[in-house]
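For what it's worth, this note's numbering labels the leading residue of the sequence shown as 38, then goes sequentially. Here is the structure we will look at, set down as structure tokens.
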Amino acid sequence: SFITDGFCDWKNARTRFKYHESSKIHSDSICVVNQQTKPTVIAQLISTTKRQQ
Numbered sequence: 038s039f040i041t042d043g044f045c046d047w048k049n050a051r052t053r054f055k056y057h058e059s060s061k062i063h064s065d066s067i068c069v070v071n072q073q074t075k076p077t078v079i080a081q082l083i084s085t086t087k088r089q090q
């Protein structure tokens, strides 16, 4: 909704943003971003192996 329609109801912004933060789509998006920023298991293993040598 924010992306397609924009946001202009600044008087009720805090309420709307809190509602958005508790939505499933927001939670799912946060999970995706967190997964993309973590190194892969292989990368972690290689890094650990190099540190231990």
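All C-beta atoms, glycine included, are put in the ideal place defined by N, C-alpha and C.
Check: Can you tell me whether DSSP reads Ser84 as helix, strand or coil?
Finding: The answer is helix: DSSP assigns Ser84 an H, G or I state.
Notebook entry, point to check: Which residue comes first and which comes last in the alpha helix (DSSP H) that contains Lys48?
Noted result: From DSSP, Lys48 is part of no alpha helix (DSSP H); its letter is neither H nor E.
Check: Taking the C-alpha atoms as reference points, what is the distance between Ser59 and Ile67?
Finding: 11 Å
Check: Does DSSP classify Gln90 as helix, strand or coil?
Finding: coil
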